[in-house]
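In our numbering, the protein residues as written are 46 to 231.
Structure representation (structure tokens):
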């Protein structure tokens with residue numbers, strides 16, 4: 046049984062009652078702010094600049110590395126070859142999964158240095174996962190088009206979210222440890 050909490054003021058009582066809700070409330074609030082900010086980015090900036098240079102061109106390099114005979118080219122926000130034309134659009138760019146992991150890290154009770162390290166590592170990890178996801182979806186479109194909808198809508202997003210959750214769990218265990226690797230008692 047938990048130790049009883051001694052409460053001396055109404056504000057301390059409220060703080061004690063809200064403590065278990067702080068993480069989910071902060072998480073939801075941060076995620077909501079990130080999502081709102083994302084939807085303030087103009088579509089043409091995403092499509093013509095961010096997607097082209099940040100997703101499509103790097104994915105052309107990934108696909109060329111894996112299957113040079115595909116001869117994929119970057120055309121705006123499209124991966125184009127003789128076999129497929131895959132368009133990257135808002136919401137299918139991996140941002141939602143990245144927002145989930147980053148929001149969880151920012152809401153988690155860890156020191157600022159570990160949060161910053163976690164956010165940078167998570168952004169890189171989720172970006173690389175998303176590049177691999179887009180490349181895999183390209184191959185699905187090119188060779189198994191009937192599988193595009195389930196792969197794009199169910200399998201790939203679920204895998205990305207699960208891997209993001211595992212990354213967060215690994216980071217949270219590290220973030221709660223002392224410099225010598227010992228677990229802190231909370």
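Where a beta carbon is used, it is the ideal one built from N, C-alpha and C, also for glycine.
| Query | Result |
| --- | --- |
| Status (buried if at least 16 other CB within 10 Å, exposed otherwise) for residue 58 | exposed |
| Helix, strand or coil at residue 164 according to DSSP, with G and I counted as helix | helix |
| Alpha-carbon to alpha-carbon, residue 53 and residue 86 | 47 Å |
| Beta-carbon gap between residue 155 and residue 64 smaller than 8 Å | no |
| Same chain, Cβ closer than 7 Å to residue 96, neighbours up to 5 away in sequence not counted | 122, 133, 138 |
| Residues that DSSP places opposite residue 123 in a beta bridge | 120, 132 |
| Cut-off 8 Å between Cβ atoms - residues of its own chain near residue 160, not counting five sequence neighbours on either side | 150, 151, 153, 220 |
| Residue 128 versus residue 69 - alpha carbon distance | 45 Å |
| Inter-residue Cα distance where the pair is residue 167 and residue 103 | 18 Å |
| Other residues of its chain near residue 92: CB distance less than 7 Å, five sequence neighbours each side excluded | 121, 122 |
| CA-to-CA distance, residue 131 to residue 213, given in whole angstroms | 30 Å |
| Nonlocal neighbours in the same chain, by C-beta distance under 7 Å from residue 144, ignoring five residues either side | 76, 79, 80 |
| N-terminal and C-terminal residue of the alpha helix (DSSP H) that residue 216 is part of | 201 to 220 |
| Given residue 82 as reference, the closest of 111, 135, 56, 101 once Cα atoms are compared | 135 |
| Outcome for residue 225 when other beta-carbon atoms lying within 10 angstroms are tallied against a minimum of 16 | Any reading at residue 225 is ruled out, since the residue's pLDDT is 47, under 50, leaving its predicted position unreliable. |
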